[in-house]
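Novice: Below is one structure. I have some questions about it.
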Amino acid sequence: MPGSGLILGIESSCDETAAAIVERGARTISSVVASQISTHARYGGVVPELASREHLRAIVPVVRAALAEAHLTLADLDAIAVTSGPGLAGALLVGITYAKALAFANRLPLIAVNHLEGHIHAVLLNEREAEDASAAHVANGKLGAPGLDFETWDSTRLRSDPALALVVSGGHTHLYLARPIDATWSYTLVGRTVDDAAGEAFDKVAKLLGLGYPGGPWIDALARFGNPRAVPFSFAQIKPKIHLAGKAPRTKAAKTAPIARLDPHFLFSFSGIKTAVLRYVELNQMRAEARARVSRVLEHFRPPQTREEALALCPQPTLDLIASFQRAVIGDLMKKTFAAAESLGARRVLVTGGVAANRELRERFTEEAAARGLRILFPTLALSTDNAAMIAAAAWPRLLKQEFAPPDLSADPSLALS
Ligand code: KG4
Ligand code: ZN
2 MPGSGLILGI ESSCDETAAA IVERGARTIS SVVASQISTH ARYGGVVPEL ASREHLRAIV
62 PVVRAALAEA HLTLADLDAI AVTSGPGLAG ALLVGITYAK ALAFANRLPL IAVNHLEGHI
122 HAVLLNEREA EDASAAHVAN GKLGAPGLDF ETWDSTRLRS DPALALVVSG GHTHLYLARP
182 IDATWSYTLV GRTVDDAAGE AFDKVAKLLG LGYPGGPWID ALARFGNPRA VPFSFAQIKP
242 KIHLAGKAPR TKAAKTAPIA RLDPHFLFSF SGIKTAVLRY VELNQMRAEA RARVSRVLEH
302 FRPPQTREEA LALCPQPTLD LIASFQRAVI GDLMKKTFAA AESLGARRVL VTGGVAANRE
362 LRERFTEEAA ARGLRILFPT LALSTDNAAM IAAAAWPRLL KQEFAPPDLS ADPSLALS
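And the structure:
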């Protein structure tokens, strides 16, 4: 391997402009994320045109900040990695065009990374970082002197142990069987949503209830103060539409992979529960109250932290609805993920993506994994949502194998992983 394995990662697939420098896929030297939440919040969702404009504004300062934070210059790097898909076409193109220009001007190889693989590597980066920190002979944090052999780490440590990865975010709810092979990874898609992603359901239900954007953190914060058994959302309401198997996917979230040959037991569907919440809100006359909340939420801009704050924003029945919704979604994610792990003989379960930041999700997956004698791994909270450290980490095995992007690399909004 030439150089010291320093990769600059660039991520711009959705509403975060991010740059990070990671050494040998195992040590984060710097990580900078510029969020566009305040731009999109008033619209209750990401506006693609605004996202591209914000990426254009942020990309140069964000990359500069990542280099400055690392006390490095472009001349110190070994490669540049960039997210090439899936994501918003215009948003992806900003990162790709800038990464290409930087790579060309500095004679650095360019590595294209699938955003979903990035989310999986967020967990692996944590794992390698933990190993790195505990290796006695790596002290001093000296660049270029890793204590562990990260060229073979993944395959030697995990070869006999395929992992089941649940990537659960605003754009995806996908299950993969991930195997380390020859210092790189192979992925087999085993399940996915047939309509909305789980994060999308959090965002849509939050919007319906007049809460902030993105909805996940608001629902997460408020659910703690509600009774999760108050509204009996059943798994039947989020049952996969088996009759759709073999048909072309209908939504943005479903475009990244075909469902024809997947086991229907590992398919998700979250549009039913969203409609069930809508019906419940209408039946119980909660609409006006939700509308009245919008302006208060925009003013405060931060999810409640205490029961008093929660009750000042939402009456108890709304808190109960929120808690019941969250419990049902997490229950369904758990049921299918653990069934897939068992059926495929995976001893480790990786849960990653924005929704993996959810408190209840972490607690319940951790308990269930312990009961089944499985290892459960999550990224740190900062690495759960979109970031560029995961992109730089995922590029490391590709740098080892000299798998570089073609000169005509372009954005692929529905890029599949497998
Ligand atoms: O991975 P991410 O940053 O972007 C995508 O690739 O989509 O995930 C963003 C999604 C949003 O839908 C957001 O509502 C959700 O992750 N999210 C959460 C939490 N934090 C973020 N969902 C549930 N609980 C959370 N704490
Ligand atoms: Zn993501």
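First residue of the sequence shown? That's 2 in the working numbering, and the numbers climb one at a time after it.
By construction, the Cβ of each residue, glycine as well, lies at the ideal position given by its N, Cα and C atoms.
Between which two residues does the beta strand (DSSP E) carrying H72 extend?
Specialist: Counting along the chain, H72 falls outside any beta strand (DSSP E), and DSSP gives it neither H nor E.
Novice: When a residue counts only if its C-beta is closer than 5 Å to some heavy atom of the ligand ZN, which residues count, in chain order?
Specialist: S170 and D387
Novice: Please classify N388 as buried or exposed, where buried requires at least 16 neighbouring CB atoms within 10 angstroms.
Specialist: That one is buried.
Novice: Under 6 Å Cβ to Cβ from P163, same chain only, skipping five residues before and after it: list those, please.
Specialist: L178, R180 and A347
Novice: If you follow the alpha helix (DSSP H) that S325 is in, where does it begin and where does it stop?
Specialist: Q317 to L345
Novice: If I follow the unbroken alpha helix (DSSP H) through H41, where does it start and stop?
Specialist: I38 to A42
Novice: Output needed for I8: all residues of its chain with C-beta closer than 6 Å, excluding positions within five of it in sequence on either side, in chain order.
Specialist: Closer than 6 Å at Cβ, skipping near neighbours: V23, A80, A82, A393 and A396.
Novice: How is Y177 classed by DSSP in three states: helix, strand or coil?
Specialist: strand
Novice: Under 8 Å by Cβ, that's how I've got A100 and L111 pegged, so tell me the actual separation to the nearest angstrom.
Specialist: 6 Å
Novice: To which residues of the same chain is A255 closer than 8 Å at the C-beta, ignoring the five residues directly before and after it?
Specialist: Because A255 carries a pLDDT of 46, less than 50, the predicted location of this residue cannot be relied on, and the following value inherits that uncertainty. Taken in chain order, the residues that qualify are R193, T194, V195 and D196.
Novice: Is any heavy atom of the ligand KG4 found at a distance shorter than 7 Å from the C-beta of G172?
Specialist: yes
Novice: Is E118 near the ligand MN, with its Cβ less than 7 Å from a heavy atom?
Specialist: For the structure depicted, the ligand MN is absent and the ligand set comprises only the ligand KG4 and the ligand ZN.
Novice: State the Cα-Cα distance for the pair V33 and H56, rounded to the nearest angstrom.
Specialist: 13 Å
Novice: Taking buried to mean at least 16 other C-beta atoms within 10 Å of its own C-beta, is A341 buried or exposed?
Specialist: buried
Novice: DSSP state of G96, grouped into three classes?
Specialist: helix
Novice: Return the Cβ separation of L314 and P305 in integer angstroms, given the expectation that the two are a contact with Cβ distance under 8 Å.
Specialist: 6 Å
Novice: Looking at P49 and D413, is the spacing between their C-beta atoms short of 8 Å?
Specialist: no
Novice: Suppose you measure from the CA of R58 to the CA of E12; what does that come to, to the nearest Å?
Specialist: 14 Å
Novice: What residue range does the beta strand (DSSP E) around V114 cover?
Specialist: Per DSSP, V114 belongs to the beta strand (DSSP E) from L111 to N115.
Novice: Use the C-beta contact count for I220: other C-beta atoms within 10 angstroms, 16 or more gives buried, fewer gives exposed.
Specialist: By the neighbour-count rule (16 or more Cβ atoms within 10 Å), I220 is buried.
Novice: Which runs of the beta strand (DSSP E) spanning at least 3 residues fall entirely within the region 169-217, listed in chain order?
Specialist: Taken in chain order, the complete beta strand (DSSP E) segments of 3 residues or longer contained in the region 169-217 are 174-182 and 185-194.
Novice: Determine which residues share a DSSP beta bridge with I81 and list them.
Specialist: Looking at the DSSP assignment, I81 forms a beta bridge with L9 and L111.
Novice: For the candidate residues G211, H122 and A231, whose alpha-carbon lies nearest to that of T185?
Specialist: For the residues G211, H122 and A231, the minimum Cα distance to T185 belongs to H122.
Novice: Rounded C-beta distance between N127 and L384? I'm assuming under 8 Å.
Specialist: So it is a contact: roughly 7 Å between Cβ atoms.
Novice: Which same chain residues end up closer than 8 Å to V282 when comparing Cβ atoms and leaving out the 5 residues on each side of it in sequence?
Specialist: L209, L210, R288, A291 and L322
Novice: Looking at the unbroken alpha helix (DSSP H) that takes in A308, where does it start and where does it end?
Specialist: Before going further, note that residue 308 is Arg rather than Ala in the sequence given. Boundaries of the alpha helix (DSSP H) around R308: R308 to L314.
Novice: Thinking C-beta only, is P380 closer than 8 Å to T353?
Specialist: In contact: T353 and P380 (Cβ atoms closer than 8 Å).
Novice: Are there any heavy atoms of the ligand KG4 lying less than 7 Å away from the beta-carbon of N359, as far as the coordinates show?
Specialist: yes
Novice: If the criterion is Cβ atoms closer than 8 Å, does the pair H262 and D133 meet it?
Specialist: Here the sequence assigns Arg to residue 262, which means His is not the residue at that position. No.
Novice: Where DSSP assigns a beta bridge to V34, which residues make up the other side?
Specialist: A19
Novice: According to DSSP, which residues form a beta bridge with A166?
Specialist: Y177 and L351
Novice: Sort D77, A207, A92 and G91 by Cα distance to N107 and report the nearest one.
Specialist: Of the candidates D77, A207, A92 and G91, the one whose C-alpha sits nearest the C-alpha of N107 is D77.
Novice: Do A405 and the ligand KG4 come close, with the Cβ less than 7 Å from some heavy atom?
Specialist: Here the sequence assigns Phe to residue 405, which means Ala is not the residue at that position. No.
Novice: For the beta strand (DSSP E) that contains R303, what are its first and last residues?
Specialist: No beta strand (DSSP E) holds R303; DSSP gives it neither H nor E.
Novice: Looking only at its chain, what residues have a beta carbon closer than 7 Å to the beta carbon of A357, apart from the 5 residues adjacent to it on each side?
Specialist: V169, F379, P380 and S385
Novice: With respect to the beta strand (DSSP E) encompassing R376, which residues constitute its N-terminal and C-terminal limits?
Specialist: R376 to L378
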